[in-house]
Amino acid sequence: MNLLNQGEPNRDASYVLYWAQMNRRVASNHGLAYAAELANEHRLPLLYYEGLTCDYPKANRRLHTFILEGVPDTARELARLGIGYTFYLRRKRSDANNVFYRLAEKAAAVVTDDYPVFIAREFNKRVPAKLKVPYYTVDSSCIVPMNLFEKREYAAYTIRPKINRWLPEFLEPAPKPKVKVRWSGPGPGPHTEVTADNIAKLVSECEVDQSVPPSLSYRGGAGEAQRHFKHFLEHSLRRYARERNEPSKHATSSLSPYLHFGHINALDVALGAREYAAEHKLVADEFLEELIVRRELAFNHALFSDKPAALESVPGWAQEDLRRHASDPRPEVYTREEFERAETGDDLWNATQKELLLRGKIHGYYRMYWGKKIIEWSATAEEALETMVDLHDRYALDGRDPNTYTNILWCFGLHDRPWFERPIFGKIRYMARSGMERKTDTAAYLKEIAYMEQTGVDPFRLK
DNA sequence: ATCGGCTCGCGCAA
DNA sequence: TGCGCGAAGCCGAT
């Protein structure tokens, strides 16, 4: 927990305010639980505010739909716990309502999410000074709070022992938000009522890019997140270590969209996987390594980098290699539009891009190939990076996340080691189509993507 | 099928 | 100061 301003509690306050910026969930939310504690101290009720605006960069139908799908779950849970809920959908850019500031004026204190990238990073810098009341941020994203680390870690092997030392202390269920003064009735307006039936209509009324359709595969919400998690435990965890890099086997958790929007807490995923593994005599080590060590390494990278998504944040040797090879001839070069439309000369690469377009995420292993080839086929490294970030911002349900930026920069050498010298890449790890063929069943993947493209149905969508 | 070399730098042991 | 080893590989030799 961090207090980010000199605010004094408001004596005439009507509630304590929790502002869900990134962790859009009720269960297992350390920030919300802390807000409930403050509310109890002030003998006030607790109000949960969540907004969705149309004017953040590249806002679109896909992202809006996913976020709105989470709202009914949130409303139900909050009502059960006696916590007030104001959700506001700002449909038009001309809408002058600034609901957060209006609600904050009547709050004894504000609690929100500590988050190291995108809008929350900027808001948490700018907003506290504008408020008269205390403004707290709580890290409800990481298992080991990212602020406990003192510096940017060099690689997984440097952060791993530190995480392992802290884990026994932090791998405990989050406290529940138990309020003493229950909220009765609706939250203070303006409030937008969201039901499963009106989501499509609400989104169509928003001034956002309507050309990006909702994901074929993932619907938002805490309930959906739990369903995916349960399916993963029962059908995939035991295969994870062996088959996680084989996309056609579907052995990964598919939780990244839910982790990104906070519909599920990584802490609960870790606890649940550990418990399931113990009960069923399975080994969850490989999954926990990715969920905890690599995910938290990404948050560490974002927190301690001035620009988490810039080439200046990759190691010196890699930057130097990119510079040295900047004028190497590129045998193939594609424009951003050709990448976007999946129109390169490589059908496997095109399939990965189609997976992004249709599902809203790319399988983790193939995404590395996707990124490496964009580097190889772009005029400059800077342009390659821009293409990757832009395509994720618009199409990925797990974009705009510390993991996204870290996975993209990994393609440029971040958290990786040098390998042998070659054109364009220098000593940055290269990936070849032949390697994909050798190690994975590319034919099965191509078939699966082609089926989705032709039918508009994801055969692996959770029923 | 499997193995070693490629190459940098962190962090711990000495 | 030396040394082991690292987030997902490639390539050529055996």
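Going from the first sequence to our numbering is simple: count from 1 and add 60.
Where a beta carbon is used, it is the ideal one built from N, C-alpha and C, also for glycine.
For clarity, every value in this text was computed on a predicted model and none was experimentally measured.
{"Check": "Where Phe126 sits in the DSSP three-state scheme", "Outcome": "helix"}
{"Check": "Residue interval of the beta strand (DSSP E) (run including Arg150)", "Outcome": "144-150"}
{"Check": "Three-pair Cβ contact test at 8 Å for the region 319-326 versus the region 437-446", "Outcome": "no"}
{"Check": "Environment of His547 [buried if 16+ CB atoms lie within 10 Å]", "Outcome": "This structure leaves residue 547 out entirely; the chain is present only between 61 and 523."}
{"Check": "C-alpha distance - Gln66 paired with Ala169, whole-angstrom precision", "Outcome": "11 Å"}
{"Check": "Whole alpha helix (DSSP H) elements within the region 203-243, 4-residue minimum", "Outcome": "216-230"}
{"Check": "Counted within 10 angstroms of its Cβ, other Cβ atoms place Ala504 as buried (16 or more) or exposed", "Outcome": "exposed"}
{"Check": "Whether Tyr465 touches Val177 by CB criterion (8 Å)", "Outcome": "yes"}
{"Check": "Same chain, Cβ closer than 8 Å to Arg153, five either side skipped, listed in chain order", "Outcome": "Cys114, Asp115, Glu267"}
{"Check": "Buried versus exposed call for Arg122 [16 or more other C-beta atoms within 10 Å across all chains shown]", "Outcome": "buried"}
{"Check": "Ala362 - containing alpha helix (DSSP H), residue span", "Outcome": "355-363"}
{"Check": "Check whether Ala215 and His423 have beta carbons under 8 Å apart", "Outcome": "no"}
{"Check": "C-alpha distance - Glu232 paired with Asp199, whole-angstrom precision", "Outcome": "15 Å"}
{"Check": "Close Cβ partners of Ser308 (< 7 Å) along its chain, the five nearest in sequence each way excluded", "Outcome": "Asp501, Ala504, Tyr505, Glu508"}
{"Check": "DSSP three-state assignment for Val171, whether helix, strand or coil", "Outcome": "strand"}
{"Check": "For Leu107 and Ile259, the rounded distance between their alpha carbons", "Outcome": "23 Å"}
{"Check": "Through-space distance from Asn184 to Pro250, alpha-carbon basis", "Outcome": "23 Å"}
{"Check": "Three-state class that DSSP yields for Glu110 in the structure shown", "Outcome": "strand"}
{"Check": "6 Å Cβ shell around Asn100 - same chain, five flanking residues per side excluded", "Outcome": "Lys240"}
{"Check": "Classification of Leu522 by the beta-carbon crowding that lies within 10 angstroms, buried from 16 upward", "Outcome": "exposed"}
{"Check": "Close Cβ partners of Pro274 (< 6 Å) along its chain, the five nearest in sequence each way excluded", "Outcome": "Arg122, Thr125"}
{"Check": "For Asn426, the three-state DSSP class (helix, strand or coil)", "Outcome": "In the sequence under discussion, the amino acid at residue 426 is Tyr, which differs from the Asn named in the question. If DSSP states are grouped into helix, strand and coil, Tyr426 belongs with the helices."}
{"Check": "Buried versus exposed, by CB contacts within 10 Å (16 or more), Ala510", "Outcome": "exposed"}
{"Check": "Helix, strand or coil at Gly280 [DSSP, three-state]", "Outcome": "coil"}
{"Check": "N- and C-terminal bounds of the beta strand (DSSP E) containing Trp409", "Outcome": "Note, Trp409: premise wrong, no beta strand (DSSP E); alpha helix (DSSP H) at 407-419."}
{"Check": "Boundaries of the alpha helix (DSSP H) in which Trp377 is found, first to last residue", "Outcome": "376-384"}
{"Check": "Where Asp518 falls: helix, strand or coil (DSSP)", "Outcome": "coil"}
{"Check": "Helix, strand or coil at Val329 [DSSP, three-state]", "Outcome": "helix"}
{"Check": "Beta-carbon contacts of Pro117 that lie in its chain and below 8 Å, excluding the five residues immediately before and after", "Outcome": "Asp453"}
{"Check": "Closest by C-alpha distance to Ala73, when choosing among Leu408, Ala164, Tyr109", "Outcome": "Ala164"}
{"Check": "Three-state class that DSSP yields for Asn100 in the structure shown", "Outcome": "helix"}
{"Check": "Beta bridge counterpart(s) of Arg390 as assigned by DSSP", "Outcome": "Looking at the DSSP assignment, Arg390 forms no beta bridge with any residue, so it has no partner."}
{"Check": "Unbroken alpha helix (DSSP H) run spanning Tyr465, endpoints", "Outcome": "462-470"}
{"Check": "Neighbourhood of Gln379 by C-beta distance below 6 Å, restricted to the same chain and skipping five residues each side", "Outcome": "none"}
{"Check": "Helix, strand or coil at Tyr75 according to DSSP, with G and I counted as helix", "Outcome": "strand"}
{"Check": "Outcome for Trp470 when other beta-carbon atoms lying within 10 angstroms are tallied against a minimum of 16", "Outcome": "buried"}
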